[in-house]
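Here is the structure we will look at.
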Amino acid sequence: MKIVHIPDGFLSTPVWVTLDAAAAPAIGYLASRAQKGFEQSQAPLLGVMGAFVFAAQMINFPVGAGTTGHLLGGALLAMTLGPVSASIVMTAILAIQALVFQDGGILALGANVVNMALAGVLAGYLPFALWGTTSWRRIALFAGGALSVLVSAILALSELLISGVPMSGRMVGASVAVFLVSAVLEGAITLAVIESLERIQPKLVRRPSRRTSPVLGVVAVAAVLLASVGVLFASEAPDAIQRLTHQTISEASGWPTKSLTGLAGIALIYGACLLFARVAARRRSV
Amino acid sequence: MHQAVVERWSRGNSLLHRRDPRAKIGALVVFLVALATAHRGLAFTAAGLLILLACGFIWARVPLAGAMARAGLVLPFAIVFALISWAAGDPGRAVALVIKSYLSAFAVLLVVSTTPLPVLLRGLEMTGTPQFVLLVAQFLYRYLFVIGREAEQMSRAAAARGASARKWIAASGPFRAAAGALAALFARSYARAEHIHRAMLARCFQGHFQTAQNLRFCRSDAVFVLAASLIPLAVRIAAERALPWPR
Amino acid sequence: MAPLIEVRGLRFKYEDGTAALNGVDFQLEAGETVALFGPNGSGKTTFVLHLNGLLTGEGTVQVCGLPVNRKTIPQLRRKVGIVFQDSDTQLFMPTVLEDVAFGLLNLGIEHAAALSRAHAALETVGMARTASRAPYHLSAGEKKRVAIAGIIAMEPEILVLDEPTANLDPPGQRSLAELIAHLPQAKILVTHDIGFAQALCHRAVFFQDGVIAAGGTVEEVVSRLDWDFSVERSKFRP
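Going down the list, the sequences are from chains A, E and P.
In the working numbering, each number is its position in the first sequence, counted from 1, plus 1421.
In the working numbering, each number is its position in the second sequence, counted from 1, plus 12.
In the working numbering, each number is its position in the third sequence, counted from 1, plus 728.
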């Protein structure tokens, strides 16, 4: 989690305003779904599992050559508590990290929420929802963990690039390489922990329904498209950035178009999340 | 510096501590936006805002040096990107990144070190943040250190078990031991949540958390939020207009 | 006078089918303090959870003259106050005062009255100065007192304490015993602490395999079932 919390001062005004405007109603909606009217008895469970994620980051996973990694948690939460609750827990985690630990900005909270609590959770849950009851299960568990980290990180990187942080093509490539390593680690940890959980307390892991809803398929395709847009944009960015650094920020002519593309991509995510939340909530009440 | 220190600061009793949290939240947002949107004359705006915040800490009787150090947690991340920007030929952005991220963290710290977290969360609730999310955050904070302590114990036990795995199994032994420890911690946390639920029911919980905090917004709070919003804006306008800047 | 608690033939099975209680008969008179002894897993805690309807089994359970069912549970949860073994799961609110006031607010008591009753309860247990503290920073003994305050604020008729001296040092155990001795309610103490039980309890019952295997004074039960480790200490010294 510590890698991709964006502090205040990094995102340009259109970016953080748009993401705050996107995150606020999404979280409001998910909170009302999680709360189910006036029923708030789940709050302690979600809070305790949020504390678990914090504490889990203290447990070191040795990956050889003396390096260790740790769990980030979005996918694991989604596979055990469900995507709606997982989003709420992640939002609470981000709020506590910003306020109590000064890790992540306040104006940037919307961006961090979109990256990790919405897109990250969605990306972590989709493979599990689609293939969690098939023979591809282990791959789905791994993919969920890996994608949740990868999507969050690429989104964060894109937002920084759109805001004009100058990174050369090589640097962007290096960052993506680091993200891939974290993603693989998260996938491995998520898989190992879920399998371990099933041995000790199988009821804790969700059983995704065998019915493959067509809407889920659409959302999955949209997510893949999104990821490609993100990657394309990131790889395209270096050329734009080189142009940018020769001009002052307020006069960059290519800048508004680039940011618009980026923001459109983010609007797509928002739409996908809303759609998915609706689908997930409907299926839970069935 | 441990979180317990900031928590202790938040229990002080200065005039600033006693302001309604909604006033402090409002002033904070204005401050952050004024800072985030500043471009020309940033260095002077920043100097003025830094002095303003420092006065706030002194007025609140919170140790200034400690607070400045704590806000510095954001610096490693900011400096990396500052170096990248400088190397790419954008020194203005490099300076802006460091200044803005530090001052923003410093401002948030002023609010957090003069407002106990439950009061702050209640203030957020009364300004429209979804209550459910705040409830989750409240319980998260309550059990953060309890579960952290359990994790520490399990981590040591897992390390001890993993250390006995034969070397040619490579990292898989310790890796799986750590995964097992995490799964066990997950299950224990879940069980703890069930016991909490049981304790809530035993004390007649009906499904909705009644609030025990009543906040009253009084005249001093109104004066405060007005002053605390106008001064940063004034500083920024002064820095941008009063001094001649190259276009 | 009718007993405060009357249990006949209580049976309870866990979800996986294991029998936790195999026909328990139990009575509690007004003003009594009874100790529940027995090995871990013998059903003591499972039993007390039936007294306020947190668990429901077969057989009759009558508390304060009312049968324990869905309609009476809201009242009974006020009349039977349970202090659980783990104070950290019992004190779940952000501050001590909010936690003690939790039950009162749930009962619909008006805000200001709830807070003042909470303050009074904290005074009774000697914890008034911790009202605005976070529970995490309190010692085990202080947490136990605050937990008790949260229960007595609701003015129950019966107090149940599950292993209250766990995690307490001897002075802590002593001052807890003093506190409990001064509380007017009828009490059930689930405990392994023989000395504690002797100090406070009129009688004891012994749980074994989900039934009550013996009853009598604390000394009778303890000696009949060989339940006192301190007697044998000399055997282990070289």
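All C-beta atoms in this analysis are idealised placements derived from N, C-alpha and C, irrespective of residue type, glycine included.
Just so we're clear, the structure is a prediction, and the values are computed from it rather than from any experiment.
Beta-carbon proximity list for residue i, same chain, < 8 Å, skipping 5 on both sides
i, result
"E:ALA35", "PHE229, ASP233, ALA234, PHE236, VAL237, ALA240"
"E:LEU65", "LEU115, PHE118, ALA119, LEU122"
"E:GLN225", "PRO130, VAL131, ARG134"
"P:VAL853", "ARG873, VAL874, ILE876, ALA877, ILE880, LEU907"
CB contact below 8 Å: residue i versus chain A
i, result
"E:PRO88", "no"
"E:GLY78", "no"
"E:PRO186", "yes"
"E:ALA72", "no"
"E:HIS29", "no"
"E:SER125", "no"
"E:LEU122", "no"
Cβ-based neighbour list, residue i, same chain, cut-off 6 Å, excluding 5 preceding and 5 following
i, result
"E:PHE43", "ALA119, PRO244"
"A:TRP1552", "ALA1561"
"P:VAL888", "VAL776, ILE810, ILE916"
"E:SER113", "VAL86, ALA90"
Sheet register partners of residue i (DSSP bridge)
i, result
"P:LYS741", "P:ALA747"
"P:PHE820", "In DSSP, P:PHE820 forms no bridge with anything."
"P:ALA755", "In the sequence on display, residue 755 of chain P carries Gln and not Ala. Beta-bridge pairing links P:GLN755 to P:GLU734."
"P:LEU889", "P:VAL811, P:LEU917"
"P:PRO795", "P:GLN790"
Within-8 Å CB hit, residue i to chain E
i, result
"A:GLY1430", "yes"
"P:LEU917", "no"
"P:GLU906", "no"
"A:SER1579", "no"
"P:ASN768", "no"
"A:ASN1533", "no"
"P:ASN780", "yes"
"P:HIS839", "yes"
"A:THR1439", "no"
Coarse secondary structure for residue i, derived from DSSP in three states
i, result
"P:PHE812", "coil"
"P:GLY944", "strand"
"E:ARG253", "helix"
"P:LYS915", "strand"
"P:PHE964", "helix"
"E:LEU197", "helix"
"E:GLU162", "helix"
"P:LEU779", "coil"
"P:THR761", "strand"
"E:VAL261", "This structure gives no information on residue 261 of chain E, because the portion of chain E shown stretches from 13 to 259."
"P:PHE935", "strand"
"E:ALA67", "Correcting the residue type first, residue 67 of chain E is Cys in the shown sequence and not Ala. Helix, per DSSP."
"P:ILE837", "coil"
Chain P within 8 Å of residue i, Cβ atoms only
i, result
"E:LEU213", "yes"
"E:ASN25", "no"
"E:PHE261", "Here chain E comprises residues numbered 13 to 259, so residue 261 of chain E is not present and cannot be evaluated."
"E:PHE93", "no"
"E:ILE37", "no"
"E:VAL17", "no"
"E:GLN222", "yes"
"E:ARG105", "no"
"E:VAL110", "no"
"E:GLN165", "no"
Residue i Cβ short of 7 Å to the ligand FAD heavy atom set
i, result
"E:PHE229", "This structure lacks the ligand FAD; in fact it carries no ligand of any kind."
Contacts around residue i, its chain only, beta-carbon distance under 7 Å, and the 5 residues preceding and following it disregarded
i, result
"A:ARG1627", "MET1500, THR1501, GLY1503"
"P:ALA905", "PHE924, ALA927, LEU928"
"A:ALA1455", "GLN1463, VAL1505, SER1506, ILE1509"
"P:LYS772", "LEU764, GLY766, VAL918, PHE935"
"P:THR800", "LEU794"
"E:GLY53", "ALA251, GLU252, LEU255, TRP257"
Return the residues of the stretch 1448-1479 of chain A that lie within a Cβ-Cβ distance of less than 8 Å from chain E, sorted by chain order. ILE1448, GLY1449, ALA1452, SER1453, ALA1455, GLN1456, PHE1459, GLU1460, GLN1461, SER1462, ALA1464, PRO1465, LEU1466, LEU1467, GLY1468, VAL1469, MET1470, GLY1471, ALA1472, PHE1473, PHE1475, ALA1476, ALA1477, MET1479
Give, in chain order, every residue of the stretch 797-814 of chain P whose Cβ lies closer than 7 Å to some Cβ of chain E. PRO802, ARG805, ARG806, ILE810, PHE812, ASP814
With 9 Å as the limit, tell me which residues of the stretch 854-869 of chain P have their beta carbon closer than that to any beta carbon of chain E; keep them in chain order. Interface annotation for the stretch 854-869 of chain P against chain E: SER860, ARG861, ALA862, PRO863, TYR864, HIS865, criterion Cβ-Cβ distance under 9 Å.
Note down, in chain order, all residues in the stretch 1582-1593 of chain A with a beta-carbon under 9 Å from any beta-carbon belonging to chain E. GLY1585, VAL1586, PRO1587, MET1588, SER1589, MET1592
Got a sec: which bits of the stretch 236-256 of chain E sit with their beta carbon under 7 Å from any beta carbon on chain A, in order along the chain? none
Could you run through the stretch 41-70 of chain E and flag, in chain order, every residue whose CB is less than 7 Å away from some CB of chain P? none
What residues from the stretch 143-154 of chain E come within 8 Å of chain P, judged by C-beta to C-beta, listed N to C? GLN150, PHE151, TYR153, ARG154
Contact residues within the stretch 816-846 of chain P, judged by C-beta distance below 8 Å to chain E: ASP816, THR817, GLN818, PHE820, MET821, PRO822, THR823, LEU825, GLU826, ALA829, PHE830, GLY831, LEU833, ASN834, LEU835, HIS839, ALA842, LEU843
The stretch 877-902 of chain P: which residues have C-beta closer than 9 Å to a C-beta of chain E, in chain order? The residues in question are GLY878, ILE879, MET882.
Output needed in chain order: residues of the stretch 190-213 of chain E with a Cβ under 8 Å from some Cβ in chain P. Correct list: ARG204, HIS207, ILE208, ARG210, ALA211, MET212, LEU213.
Quick one: which residues of the stretch 1535-1558 of chain A get their C-beta closer than 8 Å to a C-beta of chain E? List them in chain order. none
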